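**Q** The structure's right below; bear with me while I get my questions together.
Residue numbers (this note's numbering): 251 to 522.
Structure below.
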């Protein structure tokens, strides 16, 4: 149905949890008929030197530009980054962003300050109130990150639910959190920034996009126009997966365009 498919969230083996090279990701993207891909390897800013992100990001940027040279006739390749927790070391964040000419800054919050990534926390013994407190604290950090305004797109809003609900089977009532969520969506819209719809949940236990589709509808109602779509693939075979499901929903609520970034500029591309 869709001929214009772009994946704006992918990880190569330059991410600690990635598995394949940028060249292999691009080969799979071309084989699956994608039109474009953004290489967005992880950089968790609070452990920039501890986890060798100084080396990883340099190599990621080099390989993304190399892949662009090789695949340029068949695939648009964007050299990006997934910048985690940028506010935890703002000086390092600013230094990093001034060092590289990134096409795309995808920002995320993977953990509360000085705590483990939500992926590594055990929520099996948490009650509903404890879950609400943690998720509310997460949303507070997301709001501060969006207010910082150094991002192009906000990655996987509702990220903790991948583990709270998907892994540990906890119930999270989003009705308790829509006031905070709406403030984030309004700020993104006011600042002309993009909301990512991350399709990874469709192939994981949680079974829904991050954020789920109703939040995308709220974003539109708040005037949000820019939407990036990403598979969050960590394996070459997952590149592009779930993108068409997101595009189909976008059409159903009135979006005519999705967004892809080049040279930090949003390009609106027709869904169909």
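Even for Gly, the Cβ is constructed at its ideal location relative to N, Cα and C.
Owing to the predicted nature of the structure, the values given are computational and were not obtained by experimental measurement.
Straight-line CA distance for residue 197 to residue 304?
**A** An answer regarding residue 197 cannot be provided, because it is not within the stretch 251 to 522 covered by the chain.
**Q** Please report the distance separating the alpha-carbon of residue 272 from that of residue 252.
**A** Position 22 of the chain shown, counted from the first residue, corresponds to residue 272. Position 2 of the chain shown, counted from the first residue, corresponds to residue 252. Each residue's alpha carbon lies about 24 Å from the other.
**Q** Cβ of residue 407 within 7 Å of Cβ of residue 359?
**A** Taking the first residue of the chain shown as position 1, residue 407 is located at position 157. Taking the first residue of the chain shown as position 1, residue 359 is located at position 109. No.
**Q** Can you check whether the CB of residue 501 is closer than 7 Å to the CB of residue 472?
**A** Position 222 of the chain shown, counted from the start, is the residue given in the question as residue 472. Position 251 of the chain shown, counted from the start, is the residue given in the question as residue 501. No. Outside cutoff.
**Q** So, at 6 Å on beta carbons, what are the nonlocal neighbours of residue 476 in its own chain, with the 5 sequence-adjacent residues on each side left out?
**A** Here residue 476 corresponds to residue number 226 of the chain shown, with the count starting at 1. Same-chain partners within the cutoff: 444, 509 and 516.
**Q** Rounded to whole angstroms, what is the Cα-Cα separation between residue 375 and residue 382?
**A** Numbered from its first residue, the chain shown carries residue 375 at position 125. Numbered from its first residue, the chain shown carries residue 382 at position 132. If I take the Cα positions, the gap works out to 13 Å.
**Q** Could you tell me which residues DSSP pairs with residue 479 in its beta bridges?
**A** For the purposes of this step, residue 479 is taken as the residue at position 229 of the chain shown. 447.
**Q** Pair every Cβ in the region 366-374 with every Cβ in the region 480-497, then say whether three or more of these pairs are closer than 8 Å.
**A** With a cut-off of 8 Å, the region 480-497 and the region 366-374 do not count as touching, because too few Cβ pairs lie within range.
**Q** Take the Cβ of residue 363 as the centre, count every other Cβ of all protein chains shown within 10 Å, and call the residue buried at 16 or more, exposed below.
**A** Counted from its first residue, the chain shown places residue 363 at position 113. Its Cβ having fewer than 16 others within 10 Å, residue 363 is exposed.
**Q** Measure the C-alpha to C-alpha separation of residue 295 and residue 410 and round it to an integer number of angstroms.
**A** Stepping through the chain shown from its first residue, residue 295 is reached at position 45. Stepping through the chain shown from its first residue, residue 410 is reached at position 160. Between residue 295 and residue 410, the C-alpha separation is close to 19 Å.
**Q** So residue 386 is in the beta strand (DSSP E); what residue range does that whole segment cover?
**A** Along the chain shown, one-based indexing puts residue 386 at 136. Not the beta strand (DSSP E): residue 386 falls in the alpha helix (DSSP H), residues 378-398.
**Q** Applying the 10 Å Cβ sphere with the 16-neighbour rule, what's the burial state of residue 421?
**A** By one-based count along the chain shown, residue 421 stands at place 171. That one is exposed.
**Q** Determine whether the beta carbon atoms of residue 306 and residue 254 lie at a separation below 7 Å.
**A** To locate residue 306, count along the chain shown from 1; it is residue 56. To locate residue 254, count along the chain shown from 1; it is residue 4. Going by C-beta atoms, residue 306 is not nearer than 7 Å to residue 254.
**Q** Ignoring anything shorter than 3 residues or poking outside the region 339-379, list the beta strand (DSSP E) runs there in chain order.
**A** Runs of the beta strand (DSSP E) lying entirely within the region 339-379 and spanning at least 3 residues, in chain order: 354-358.
**Q** Helix, strand or coil, according to DSSP, for residue 503 in the structure here?
**A** As a working note, residue 503 is residue 253 in the chain shown. Coil at residue 503, not helix or strand.
**Q** With DSSP as the reference, label residue 489 as helix, strand or coil.
**A** As a working note, residue 489 is residue 239 in the chain shown. DSSP, reduced to helix, strand and coil, places residue 489 outside both helices and strands of the structure shown, so it counts as coil.
**Q** Distance, Cα to Cα, residue 415 vs residue 267?
**A** Your numbering for residue 415 matches position 165 in the chain shown. Your numbering for residue 267 matches position 17 in the chain shown. If you draw a straight line from the Cα of residue 415 to the Cα of residue 267, it is about 22 Å long.
**Q** With distances taken between CB atoms, is the gap from residue 449 to residue 504 smaller than 7 Å?
**A** Along the chain shown, one-based indexing puts residue 449 at 199. Along the chain shown, one-based indexing puts residue 504 at 254. No.
**Q** Alpha carbon to alpha carbon, what distance is there between residue 291 and residue 270?
**A** Translated into the one-based positions of the chain shown, residue 270 becomes position 20. Translated into the one-based positions of the chain shown, residue 291 becomes position 41. Near 12 Å, if we compare the C-alpha coordinates of residue 291 and residue 270.
**Q** In chain order, what residues of the same chain have a beta carbon less than 7 Å from the beta carbon of residue 321, not counting five sequence neighbours either side?
**A** Walking along the chain shown from the start, residue 321 turns up at place 71. Same-chain partners within the cutoff: 276, 280 and 327.
**Q** Since residue 314 and residue 355 are thought to touch, with beta carbons under 8 Å apart, how far apart are those beta carbons, to the nearest angstrom?
**A** By one-based count along the chain shown, residue 314 stands at place 64. By one-based count along the chain shown, residue 355 stands at place 105. Their Cβ separation, rounded to whole angstroms, is 14 Å, which puts residue 314 and residue 355 out of contact at 8 Å.
**Q** For residue 352, is the classification buried or exposed, using 16 other Cβ atoms within 10 angstroms of its Cβ as the cut-off for buried?
**A** By 1-based counting over the chain shown, the position of residue 352 is 102. So residue 352 counts as buried.
**Q** In whole angstroms, what separates the C-alpha of residue 299 from that of residue 312?
**A** In the chain shown, counting from the first residue as 1, residue 299 sits at position 49. In the chain shown, counting from the first residue as 1, residue 312 sits at position 62. Residue 299 and residue 312: Cα-Cα distance of roughly 19 Å.
**Q** Where do the N-terminal and C-terminal ends of the alpha helix (DSSP H) with residue 437 fall, by residue?
**A** For the purposes of this step, residue 437 is taken as residue 187 along the chain shown, with counting starting at 1. It spans 428-441 - the alpha helix (DSSP H) in which residue 437 sits, taken as one unbroken run.
**Q** Rounded to whole angstroms, what is the Cα-Cα separation between residue 278 and residue 373?
**A** Taking the first residue of the chain shown as position 1, residue 278 is located at position 28. Taking the first residue of the chain shown as position 1, residue 373 is located at position 123. The straight-line gap from Cα to Cα measures roughly 36 Å.
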